[in-house]
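**Student:** Supplied in structure tokens, the structure appears directly below.
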Amino acid sequence: MRSILVTNTGDAVHAKALAARTDIQVTFVTEPRFTDMYPPETDIVFVDNLNEPANAARTVIEQRNCNHYEAVISLSERAAQTAAYLRDYLGLEGPSFHTITNCTNKFAMKQRFSSAEIPTADYAIATSLNDIFISAAKIGWPIIVKPIIGAGADATMIFKDEDELFSKKAENFFSLLQHPKTTSEKEFPVIVEKFLNVIKEFHCDGYVENGKIVFAKVSQYIKPVIEYTSGGIYGSFTIHPSDPLASEILAMHEKAVKATGIINGVTHFEVFLTPNGLVAGEIACRPGGGGIRKMLKFQSGFDSWDAHIAVSLGNQYVWEYPEHEEEPQVIELMLPTKRGRVRTISSADDFNDVPGLLEVDMKLKPGNIVDGLLDSSAICGILFAHFESQNDIENIISAVEKAFVLEVDTSETINNQQEEKK
Numbered sequence: 001m002r003s004i005l006v007t008n009t010g011d012a013v014h015a016k017a018l019a020a021r022t023d024i025q026v027t028f029v030t031e032p033r034f035t036d037m038y039p040p041e042t043d044i045v046f047v048d049n050l051n052e053p054a055n056a057a058r059t060v061i062e063q064r065n066c067n068h069y070e071a072v073i074s075l076s077e078r079a080a081q082t083a084a085y086l087r088d089y090l091g092l093e094g095p096s097f098h099t100i101t102n103c104t105n106k107f108a109m110k111q112r113f114s115s116a117e118i119p120t121a122d123y124a125i126a127t128s129l130n131d132i133f134i135s136a137a138k139i140g141w142p143i144i145v146k147p148i149i150g151a152g153a154d155a156t157m158i159f160k161d162e163d164e165l166f167s168k169k170a171e172n173f174f175s176l177l178q179h180p181k182t183t184s185e186k187e188f189p190v191i192v193e194k195f196l197n198v199i200k201e202f203h204c205d206g207y208v209e210n211g212k213i214v215f216a217k218v219s220q221y222i223k224p225v226i227e228y229t230s231g232g233i234y235g236s237f238t239i240h241p242s243d244p245l246a247s248e249i250l251a252m253h254e255k256a257v258k259a260t261g262i263i264n265g266v267t268h269f270e271v272f273l274t275p276n277g278l279v280a281g282e283i284a285c286r287p288g289g290g291g292i293r294k295m296l297k298f299q300s301g302f303d304s305w306d307a308h309i310a311v312s313l314g315n316q317y318v319w320e321y322p323e324h325e326e327e328p329q330v331i332e333l334m335l336p337t338k339r340g341r342v343r344t345i346s347s348a349d350d351f352n353d354v355p356g357l358l359e360v361d362m363k364l365k366p367g368n369i370v371d372g373l374l375d376s377s378a379i380c381g382i383l384f385a386h387f388e389s390q391n392d393i394e395n396i397i398s399a400v401e402k403a404f405v406l407e408v409d410t411s412e413t414i415n416n417q418q419e420e421k422k
């Protein structure tokens, strides 16, 4: 039986699956506030802050005999740097700290893109409000401010001009960055980017083996990720390889993989279509979130999480394409949630009339309480359907909107501690 280290924040699903495997013995590395996720007998090393990989790794090495560990797996983006640091320190296979930094630190990532001549938005690093103001003067308004490290659209804000940057709303935003309440909340430094006029947003999910891309699939978001928290149904759909943009995005993905140094691992690459052409957003060396994993599996048989676990263990990942007369395309639609106690919510059966329906997974039921961080990963359900042409997508979305009902009671104050969703 192989002994492995698993760094994790709030991913209970994959942590439970790894702990149940009989071929590995797992030591989890996490922070004390995630204790309740694990049964009492679980082997856990508690670290103060996974955002500080050197200190976290030192704690692990001091508390466990590290001579017998054979692999390190990360279950979340925030835990990825500590996992990579441990791999390098212990001489284990898998993505290095250098590679993971290029895929989690947005400034380092943009530097790699620029060096490889991959089109990307103008950018600058900033450690204060004054730095942001100076950067905006160089880059040009409008700007978007993002945490250096962090997935999704959490703690991300757009500023049209100087007045917005120094507004009361902005003051609250920057105060949270200066004084984060938990290690999950974002902090300075930030990256300042030129805010782009985005016509469409895409993602390309791939698998790299010994430096060669052996799987890659391009999909389009039904609306840009930055708009996810504005309400309404969101998600993405796969696009046919014959689409002219697909080949351009695949070529850009290949350049991004090489630029960031990914030799073995899964990828999640985001690309914007602007009036000036395609522009690279970000690349991650991890599976895409939301319903992307299952969408890819329905479409191609490829399981991004199985691939991620396999490559982290030093194993080869093998999958079989489903047998189809013609290559089907698949859409994943995520149903937004609201804070409060759920009073009424659609059941899975309510979506039976959705064209091409494959599966519905409702996460909430009446009586459940929703509170804490509501970012792009906070949903009350997710739905999958197949379609023949992009003309079918509007009908699918309309049918889902017609069937979807969510009513919550917000009369009571809920003060549950915020938990990380990534």
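Letter by letter, the sequence shown follows residues 1 to 422 of UniProt numbering.
The C-beta atom is built at its ideal place from N, Cα and C for all residues, glycine as well.
Relative to the C-alpha of ASP392, which candidate in MET157, ILE331, LEU129 and PHE173 has its C-alpha closest?
**Tutor:** Checking every option, the nearest Cα to that of ASP392 belongs to ILE331.
**Student:** In whole angstroms, what is the alpha-carbon distance linking THR410 and GLY340?
**Tutor:** Rounded to the nearest angstrom, the two C-alpha atoms are 5 Å apart.
**Student:** Quick check: what's the CA-CA separation for MET1 versus LYS16?
**Tutor:** The straight-line gap from Cα to Cα measures roughly 18 Å.
**Student:** If you follow the alpha helix (DSSP H) that LEU86 is part of, which residue opens it and which one closes it?
**Tutor:** Looking at the DSSP string, the run of the alpha helix (DSSP H) that includes LEU86 is 77-90.
**Student:** In this structure, how does DSSP classify CYS285 when only helix, strand and coil are distinguished?
**Tutor:** It is coil, neither helix nor strand.
**Student:** Should the stretch 117-134 be called in touch with the stretch 181-189, which here means at least 3 C-beta pairs below 8 Å?
**Tutor:** Yes: the two stretches touch, three or more of their Cβ pairs being nearer than 8 Å.
**Student:** Any idea if THR35 is buried or exposed, counting beta-carbon neighbours within 10 angstroms, 16 or more meaning buried?
**Tutor:** Exposed, since its Cβ has fewer than 16 Cβ neighbours within 10 Å.
**Student:** To the nearest angstrom, how far is it from the Cα of ASN352 to the Cα of LEU333?
**Tutor:** Distance between the alpha carbons of ASN352 and LEU333 is about 14 Å.
**Student:** Do SER300 and PRO322 have their C-beta atoms within less than 9 Å of each other?
**Tutor:** Closer than 9 Å, so yes.
**Student:** Just the Cα atoms here: how many angstroms apart are HIS203 and GLU70?
**Tutor:** The alpha-carbon atoms of HIS203 and GLU70 are separated by roughly 32 Å.
**Student:** With a 10 Å radius around its C-beta and 16 neighbouring C-beta atoms as the bar for buried, classify SER230 as buried or exposed.
**Tutor:** So SER230 ends up on the exposed side.
**Student:** Comparing C-alpha positions only, which one of LYS212, ASP43 and ASP371 sits nearest to GLN63?
**Tutor:** Checked all of LYS212, ASP43 and ASP371; the closest Cα to GLN63 is ASP43.
**Student:** Taking the straight line between their C-alpha atoms, what separation do you get for GLU420 and THR344?
**Tutor:** Summary for GLU420: the model assigns pLDDT 43, below 50, so the residue's position carries little reliability, and this model does not support an answer.
**Student:** For LEU129, report the span of its alpha helix (DSSP H) as first-last.
**Tutor:** 129-139 is the span of the alpha helix (DSSP H), which, as asked, contains LEU129.
**Student:** Which residues in the same chain have their Cβ closer than 7 Å to the Cβ of PRO328, if we skip the five residues on either side of it in sequence?
**Tutor:** So the qualifying residues of the chain are GLN299 and HIS386.
**Student:** Using alpha carbons as the reference points, say which of ALA121, ILE148, ILE149 and ALA151 lies closest to PRO142.
**Tutor:** Checking every option, the nearest Cα to that of PRO142 belongs to ALA121.
**Student:** Kindly indicate the opening and closing residues of the beta strand (DSSP E) around ASP409.
**Tutor:** First-last of the beta strand (DSSP E) with ASP409: 406-409.
**Student:** Would you mind stating whether CYS103 and ALA284 have Cβ atoms separated by less than 9 Å?
**Tutor:** Yes; because the gap between Cβ atoms is below 9 Å, this pair is in contact.
**Student:** Looking at the structure shown, is LYS422 part of a helix, part of a strand, or coil, going by DSSP?
**Tutor:** Caution is warranted here: a pLDDT of 45 is assigned to LYS422, below 50, making its placement in the model unreliable, and no coordinate value can be reported.
**Student:** Assuming contact is defined by CB atoms lying nearer than 9 Å, are HIS68 and SER3 in contact in what I supplied?
**Tutor:** Cβ atoms of HIS68 and SER3: closer than 9 Å.
**Student:** Taking LEU196 as the reference, give the member of VAL45, THR30 and LEU273 with the closest Cα.
**Tutor:** Cα-wise, what sits closest to LEU196 is LEU273.
**Student:** Is it the case that the Cβ atoms of residue 428 and PHE173 are separated by a distance below 9 Å?
**Tutor:** The chain is shown from 1 up to 422; residue 428 falls before or after that span and cannot be answered.
**Student:** Can you list the alpha helix (DSSP H) stretches of 4 or more residues lying completely in the stretch 274-340, in chain order?
**Tutor:** Entirely contained in the stretch 274-340, the alpha helix (DSSP H) runs reaching 4 residues are, in chain order, 292-300 and 304-312.
**Student:** Considering only C-alpha positions, which residue in the set GLN220, LEU92 and PRO241 is nearest to TYR234?
**Tutor:** Nearest C-alpha to TYR234: GLN220.
**Student:** For ILE148, which residues from the same chain have a beta carbon less than 8 Å from its beta carbon, with the 5 sequence-adjacent residues on both sides left out?
**Tutor:** If we look at ILE148 and ignore the five residues flanking it on each side, its Cβ neighbours are ASN105, LYS106, PHE107, ILE125, PRO189, VAL190 and ILE191.
**Student:** Less than 9 Å between the beta carbons of ALA56 and ASP48, yes or no?
**Tutor:** Closer than 9 Å, so yes.
**Student:** Classify ILE414 as buried or exposed, calling it buried when 16 or more other Cβ atoms lie within 10 Å of its own Cβ.
**Tutor:** For ILE414, the predicted structure reports a pLDDT of 48, less than 50, and the residue's modelled location is therefore unreliable. The matter cannot be settled from this model.
**Student:** So, helix, strand or coil for LYS160, using DSSP?
**Tutor:** LYS160: coil per DSSP, three-state reduction.
**Student:** Pull the bridge partners of ARG112 from the DSSP assignment, please.
**Tutor:** The partner list for ARG112 (beta bridge, DSSP) is empty, contrary to what the question assumes.
**Student:** Apply the 10 Å Cβ neighbour rule to ALA83 and answer buried if 16 or more other Cβ atoms are within range, or exposed otherwise.
**Tutor:** Classification of ALA83: buried, given that the 10 Å Cβ count is 16 or more.
**Student:** Roughly how many angstroms lie between the CA atoms of GLY232 and ASP23, to the nearest whole one?
**Tutor:** Using only the alpha carbons, I get a separation of about 43 Å.
**Student:** On the DSSP letters alone, give me the boundaries of the beta strand (DSSP E) that PHE46 sits inside.
**Tutor:** Unbroken beta strand (DSSP E) run through PHE46: 44-46.
**Student:** Beta strand (DSSP E) containing ARG2: first to last residue?
**Tutor:** Element bounds for ARG2: 2-7.
**Student:** Can you tell me whether THR183 is helix, strand or coil according to DSSP?
**Tutor:** It is coil, neither helix nor strand.
**Student:** For VAL208, which residues from the same chain have a beta carbon less than 8 Å from its beta carbon, with the 5 sequence-adjacent residues on both sides left out?
**Tutor:** Same-chain partners within the cutoff: VAL214, VAL257, ILE262, ILE263, ASN264, GLY265, VAL266 and THR267.
**Student:** Measuring alpha carbon to alpha carbon, tell me which residue in ALA251, GLY290, TYR38 and ILE382 is nearest GLU117.
**Tutor:** The shortest C-alpha separation from GLU117 is found at ALA251.
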